[in-house]
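> There's a structure below that I have some questions on.
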Amino acid sequence: MEDLYFSDLSETGVSDRSYRFLLENDGSRLDKTLAELLPDLTRSYLQKLIEHGAVTVNGKSADKKTKVPAGCEITVTLPENRKPDILPENIPLDIAYEDDDLLVVNKPKGMVVHPAAGHYTGTLVNALLYHCGDSLSGINGVERPGIVHRIDMMTSGLLIVAKNDFAHRSLAEQIKEHSFTRRYEAVVVGNLREDSGTVNAPIGRHPVDRKKMAVTDRNSRSAVTHYDVLQRFGGMNGESSYTHLRLTLETGRTHQIRVHMAYLGHPVVCDPVYGSTRQQFACCDGQCLHAREIAFVHPRTGQTLSLTSSLPDYFHAVLHKLAARAE
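One rule links them: number in this note's numbering = place in the sequence shown (from 1) + 1.
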């Protein structure tokens with residue numbers, strides 16, 4: 002599947018939900034081939050598209066088990082999303098900084114950043130629409146107004162929001178050029194031998210579980226995470242050891258820190274997706290991961306802004322429990 006060409010038909014005016022693939026080499030059965038071409042869609046969803054005639058091979062409908070030959074043209078037409086209107090909600094925000102161009106929010110654990118299936122209310126975007134009104138960047142569309150980057154629902158900490166497209170473009174460019182600083186703190190399972198290090202491993206969609214990410218060379222993007230040990234908690238009486246880390250993102254892939262730590266064999270404590278329940282203790286709901294620091298050049302003034310968020314109560318509770326074990 003390495004040698005293929007991809008064409009987004011939105012540029013030709015056909016549909017912004019249609020895609021065409023020209024295969025240069027032999028593929029396998031149609032549903033498996035599509036799963037590799039469109040890794041963000043589940044195999045079951047792709048099979049439903051095939052069953053409803055939304056996928057054609059050389060202009061004709063095909064069965065999911067159809068073998069796709071070299072030189073064939075596969076066209077996929079996705080149905081339009083029908084989602085409810087995103088409404089403003091009077092949800093309190095912990096604002097670390099705000100001016101006419103941007104604001105930095107200290108997001109609590111458990112808050113979803115932008116609306117998605119199953120979460121159309123109570124999100125950060127709902128709160129931002131109430132707080133900012135129409136003063137949000139429209140670059141990422143109506144579902145993600147002002148959102149320049151995101152953090153997971155069960156990760157707490159600092160998140161920057163653009164109030165206009167000028168600020169959004171500047172901040173996005175800084176992220177692209179790796180001049181946008183994002184530092185996290187986490188507690189991970191086990192004892193990292195080195196006091197500092199770097200994980201340089203590409204991240205892409207998990208080859209089996211499409212809801213997860215993984216370190217992989219297939220359909221992946223480069224990902225770099227730097228870490229420094231802040232404190233070690235040794236295990237006693239057969240108990241696991243733990244390490245308190247500071248982590249700096251050089252790139253910003255989905256679930257990057259969680260995937261990289263699990264890849265090292267040191268998953269983030271209480272991570273329900275990438276962690277091991279056998280090595281963890283019940284102390285917090287969701288991963289013990291906090292976006293602690295953020296630094297960037299202000300798009301309009303050119304001055305460097307550096308903001309720090311205090312560790313939340315749940316994080317202190319984990320550290321306190323680990324310290325108490327060592328006494």
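Beta carbons: idealized from backbone N, C-alpha and C, even for Gly.
Hey, out of V298, K33, R44, whose CA is closest to F331's CA?
Lying before the first or after the last residue shown, residue 331 is absent from the chain, which here runs from 2 to 328.
> Might you give, ordered along the chain, the residues of its own chain that have their beta carbon closer than 6 Å to the beta carbon of H227, omitting 5 neighbours on each side?
T199, T249
> Please report the distance separating the alpha-carbon of L159 from that of S197.
23 Å
> Which residue wins for smallest C-alpha separation from G287, given the options D101, P116, D153?
D153
> Check this for me: beta carbons of L125 and V114, under 8 Å apart or not?
yes
> Just to confirm my understanding: we take N220, look at its own chain, exclude 5 residues before and 5 after, and list those with CB closer than 8 Å. What are they?
E37, P40, G205, R206
> What does the Cβ neighbour count give for S29, buried or exposed, with the cut at 16 atoms within 10 Å?
By the 10 Å Cβ count, S29 comes out exposed.
> Let me confirm a value: V58 is counted as buried when at least 16 other C-beta atoms fall within 10 Å, else exposed. Which label applies?
Per the 10 Å Cβ criterion, buried.
> In three-state terms, what does DSSP make of R259?
Helix.
> With 16 other CB atoms within 10 Å as the buried threshold, where does L129 fall?
Per the 10 Å Cβ criterion, buried.
> If you run the structure through DSSP and keep just helix, strand and coil, what is Y121?
Of the three classes helix, strand and coil, the one that applies to Y121 here is coil, per DSSP.
> Would you kindly work out how many angstroms separate the C-alpha atoms of I161 and V149, rounded to a whole number?
7 Å
> Going straight from the alpha carbon of N192 to that of G266, what length do you get?
10 Å
> Per the contact definition of three or more C-beta pairs closer than 8 Å, is the region 294 to 313 in contact with the region 94 to 110?
yes
> Where does I75 sit, in a helix, a strand or coil, going by DSSP?
DSSP places I75 within a strand segment (E or B) once states are collapsed to three.
> Look at the Cβ atom of E294, then the Cβ atom of H179, and state whether they are nearer than 8 Å.
no
> Kindly indicate the opening and closing residues of the beta strand (DSSP E) around F1.
Nothing about residue 1 can be read from this structure; the chain reaches only from 2 to 328.
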